[in-house]
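Participant:
Residue numbers (the numbering used here): 36 to 133.
Following this line, the structure appears as structure tokens:
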């Protein structure tokens, strides 16, 4: 399973996607709160997460210097990828209404 497929299954509620876009993923959403949850996602979907980040124009080297340890970096990379996904889903929902 790819990360996008995992997220498609996880986020079947468009209201939750809107909440993430409004409040930010770090506000605490099920499955994305605990360090062990984020670490699990990073371990299983590392390549997909990096691909999503690179598609936004960022490089790993751009982000790596901002964090003092690997655990924090990995957590932020997962959050960034999920936030990017949620923004794209919101855009798709808006287009579907038009």
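Even for Gly, the Cβ is constructed at its ideal location relative to N, Cα and C.
Between which two residues does the alpha helix (DSSP H) containing residue 38 stretch?
Facilitator: Taken as a continuous stretch (DSSP letters only), the alpha helix (DSSP H) holding residue 38 covers 38-45.
Participant: Quick check on the burial criterion: 16 or more other C-beta atoms within 10 angstroms. Buried or exposed for residue 82?
Facilitator: The residue is exposed, with fewer than 16 neighbouring Cβ atoms inside 10 Å.
Participant: Please report the distance separating the alpha-carbon of residue 74 from that of residue 114.
Facilitator: Looking at the two C-alpha atoms, the distance is approximately 11 Å.
Participant: Should residue 109 be labelled buried (16 or more other beta-carbon atoms within 10 Å of its own) or exposed?
Facilitator: Label assigned to residue 109: buried.
Participant: Assuming residue 73 is part of the alpha helix (DSSP H), what are its boundary residues?
Facilitator: Counting along the chain, the alpha helix (DSSP H) containing residue 73 begins and ends at 70-90.
Participant: By how many angstroms is the C-alpha of residue 102 removed from the C-alpha of residue 125?
Facilitator: C-alpha separation (whole angstroms): 29 Å.
Participant: To the nearest angstrom, how far is it from the Cα of residue 78 to the Cα of residue 41?
Facilitator: Rounded to whole angstroms, residue 78 to residue 41 spans 14 Å at the Cα level.
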